[in-house]
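Positions 36 to 383 (my numbering) are the ones given, in order, by the sequence shown.
Just so you know, even glycine gets a beta-carbon here, dropped at the ideal spot from N, CA and C.
Working notes for the structure below.
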Amino acid sequence: MSPYILATLLFGLGLGTTITFASSHWLLAWMGLEMNTLAIIPLMAQNHHPRAVEATTKYFLTQATAAAMLLFASTTNAWLTGQWSIEQMTHPLPTTMIVIALALKIGLAPVHAWLPEVLQGLDLTTGLILSTWQKLAPFALLMQIHPTNSTMLMLLGLASTLVGGWGGLNQTQLRKILAYSSIAHLGWMILVLQFSPSLTLLALLTYFIMTFSTFLVFKLNKATNINTLATSWTKAPALTALTPLILLSLGGLPPLTGFMPKWLILQELSKQDLAPLATLAALSALLSLYFYLRLSYAMTLTMSPNNLAGTTSWRLPSLQPTLPLAASLVATLTLLPLTPAATAMLTL
């Protein structure tokens, strides 16, 4: 792809998200989401591979459905209440429809089925954009409308944490595992959205940092399945030793960064007298932890000679810049001591 076209598409991605961030009118927010979708589609289909084209088509159809539902819901809200403002969502019917449309946009269970299939058909760079940047605009809208239907949000959140845990158990493809990981993390954020939006934002930020590190590690090793990952120790031994820590941080184990949002979310749910919900969420985190441990085992504990089908590849120098990976790796592993500062900022 020409660098000029790439720069234009990335500018369109940034502009679409910024328009949605800055808008207080539903039509402007919808327009920003549409720009976002249309800008990422050529990036997804740039490989001209049948899997990439199939993934792009699936993504386009789901995003178009969600956008149409969003537009219909905001028009219905204007018809019922006379308001186009995002903050003035008072009627339960359009609010519920918009929450479902935004859940489809980001891939929350039970409207998640497109996400693993789409992510599996993309290369790791576009998959990283889809897993991180594309979640920003819908989350900004979710945080602005202050959804009042708490039962629906809890069901969406709990279903996502459970589906994200169960779905990843039987996978061998890394991109599908990351898709289910994304669904589970989004479920945690939705659980606490109505009680502490700032805590949702903190969880989203830490999820971005950890996912960024994971995708960059897989990209450096050119790994797309577990067998390829098992032979990565020949390419980057030091990175192979650190990668299990990234995966365990995604799983939410102390003393790593990923423990912070889970700890604070469980604390907040307990404060709201939702101890059963907090218990279920914590148990669902064990499901996710299992497949992160499985990846860690395959990567660091199956050394040669082993019975894996992967062949050891040449140790060629990687052309990928390692500074972003180094910075995100440090953030993924060492931000837990900043928890008091984070909680102080949340209470401001």
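Problem - Collapsed DSSP secondary structure at Ser233 in the structure displayed - result: For the purposes of this step, residue 233 is taken as the residue at position 198 of the sequence shown. Note: Ser233 maps to helix in three-state DSSP.
Exercise for the section: Enumerate in chain order the residues of its own chain whose CB-to-CB distance from Thr55 is below 7 Å, with the five nearest sequence positions on each side excluded. Expected result: Residue numbering aside, residue 55 sits at position 20 when the sequence shown is read from its first letter. Excluding positions up to five away in sequence, the list reads Ala64, Gly67, Leu68, Ala172, Ala175, Leu176.
Practice task
Measure the Cβ-Cβ separation of Leu213 and Leu299 and say whether it is below 8 Å.
Solution key: Numbered from 1 along the sequence shown, position 178 holds the residue referred to as residue 213. Numbered from 1 along the sequence shown, position 264 holds the residue referred to as residue 299. No. Outside cutoff.
Practice task
Could you spell out the range, first to last residue, of the alpha helix (DSSP H) harbouring Thr259?
Solution key: As a first step, residue 259 must be located in the sequence shown, where it is residue number 224. Neither: Thr259 is in no alpha helix (DSSP H) and is coded neither H nor E.
Handout entry: Straight-line gap, Gly156 to Leu330 (C-alpha atoms, nearest Å)
Key = Start at 1 with the first residue of the sequence shown, and residue 156 comes out as number 121. Start at 1 with the first residue of the sequence shown, and residue 330 comes out as number 295. Looking at the backbone, the Cα of Gly156 and that of Leu330 are separated by about 20 Å.
Exercise for the section: Could you spell out the range, first to last residue, of the alpha helix (DSSP H) harbouring Val88? Expected result: Here the question's residue 88 lines up with position 53 in the sequence shown. For Val88, the enclosing alpha helix (DSSP H) stretches over residues 85–116.
Handout entry: Nearest-angstrom Cα separation, counted from Ser363 out to Thr259
Key = Here residue 259 corresponds to residue number 224 of the sequence shown, with the count starting at 1. Here residue 363 corresponds to residue number 328 of the sequence shown, with the count starting at 1. Thr259 and Ser363: Cα-Cα distance of roughly 20 Å.
Problem - Enclosing alpha helix (DSSP H) for Thr374 [first to last residue] - result: For the purposes of this step, residue 374 is taken as residue 339 along the sequence shown, with counting starting at 1. Segment 374–381, the alpha helix (DSSP H) holding Thr374.
Exercise for the section: Could you name the residues of the same chain whose beta carbon sits closer than 7 Å to that of Arg350, not counting the 5 residues immediately before and after it, in chain order? Expected result: Taking the first residue of the sequence shown as position 1, residue 350 is located at position 315. Within the same chain, Cβ atoms closer than 7 Å to the Cβ of Arg350 are found at Thr269, Lys270, the five residues on either side in sequence being excluded.
Exercise for the section: State the Cα-Cα distance for the pair Ala313 and Thr378, rounded to the nearest angstrom. Expected result: Here residue 313 corresponds to residue number 278 of the sequence shown, with the count starting at 1. Here residue 378 corresponds to residue number 343 of the sequence shown, with the count starting at 1. Distance from the CA atom of Ala313 to the CA atom of Thr378, rounded to whole angstroms, is 19 Å.
Problem - Under 8 Å between C-beta atoms of Leu78 and Leu44 - result: As a working note, residue 78 is residue 43 in the sequence shown. As a working note, residue 44 is residue 9 in the sequence shown. Yes, Cβ-Cβ distance for Leu78 and Leu44 is below 8 Å.
Exercise for the section: Leaving aside the five residues before and after Ala320 along the sequence, list all residues of the same chain whose C-beta is less than 6 Å from its C-beta, in chain order. Expected result: The sequence position of residue 320 within the sequence shown is 285, counting from 1. Cβ neighbours of Ala320 beyond the five flanking positions: Gly287.
Handout entry: Top-ranked residue by Cα proximity to Ser267, from Phe243, Thr246, Gln208, Ala333
Key = Here residue 267 refers to the residue found at position 232 of the sequence shown. Of the listed residues, the one whose Cα sits closest to Ser267 is Ala333.
Handout entry: Candidates Ser248, Leu237, Asn262, Ile261: closest to Ile281 by CA position
Key = Working through the sequence shown from its first residue, we reach residue 281 at position 246. The shortest Cα separation from Ile281 among Ser248, Leu237, Asn262, Ile261 belongs to Ser248.
Handout entry: Within 8 Å, strictly: CB atoms of Gly51 and Asn82
Key = Within the sequence shown, numbered from 1, the residue matching residue 51 stands at position 16. Within the sequence shown, numbered from 1, the residue matching residue 82 stands at position 47. No; because the gap between Cβ atoms is not below 8 Å, this pair is not in contact.
Exercise for the section: Leaving out five residues on either side along the sequence, give the residues of the same chain with a beta carbon under 8 Å from the beta carbon of Pro372. Expected result: Position 337 of the sequence shown, counting from 1, holds the residue named residue 372. Hits under 8 Å: none found.
Handout entry: Proximity of Leu370 and Met295 at Cβ, strictly below 8 Å
Key = Taking the first residue of the sequence shown as 1, we reach residue 370 at position 335. Taking the first residue of the sequence shown as 1, we reach residue 295 at position 260. Taking the C-beta atoms as reference points, Met295 is found nearer than 8 Å to Leu370.
Problem - Bridge partners - His60, DSSP secondary structure assignment - result: The residue labelled residue 60 in the question sits at position 25 within the sequence shown. In DSSP, His60 forms a bridge with Ser120.
Practice task
Check each candidate in Gln179, Ile244, Leu96, Ala361 and name the one with the smallest Cα separation from Ile133.
Solution key: Position 98 of the sequence shown holds residue 133. Considering only alpha carbons, the answer is Gln179.
Practice task
Give every residue of the same chain whose Cβ lies closer than 6 Å to the Cβ of Leu159, excluding the five residues on either side of it in the sequence, and list them in chain order.
Solution key: Here the question's residue 159 lines up with position 124 in the sequence shown. Counting only Cβ-Cβ distances below 6 Å, and skipping sequence neighbours, we find Phe250, Phe253, Lys254.
Handout entry: Reference Val146; option with closest CA among Thr241, Thr97, Thr335, Ala366
Key = For the purposes of this step, residue 146 is taken as residue 111 along the sequence shown, with counting starting at 1. Per the Cα distances, Thr97.
Handout entry: Whole-angstrom distance between Thr335 and Pro352, CA atom to CA atom
Key = On the sequence shown, position 317 is the one that residue 352 refers to. On the sequence shown, position 300 is the one that residue 335 refers to. Approximately 21 Å, taken between the alpha carbons.
Exercise for the section: Inspect the beta-carbon positions of Thr246 and Thr167 and report whether they are closer than 8 Å. Expected result: For the purposes of this step, residue 246 is identified with residue 211 of the sequence shown, where counting begins at 1. For the purposes of this step, residue 167 is identified with residue 132 of the sequence shown, where counting begins at 1. Yes, Cβ-Cβ distance for Thr246 and Thr167 is below 8 Å.
Exercise for the section: Compute the Euclidean distance between the alpha carbons of Asn256 and Ala361, then round it to the nearest angstrom. Expected result: One-based indexing of the sequence shown puts residue 256 at position 221. One-based indexing of the sequence shown puts residue 361 at position 326. The straight-line gap from Cα to Cα measures roughly 15 Å.
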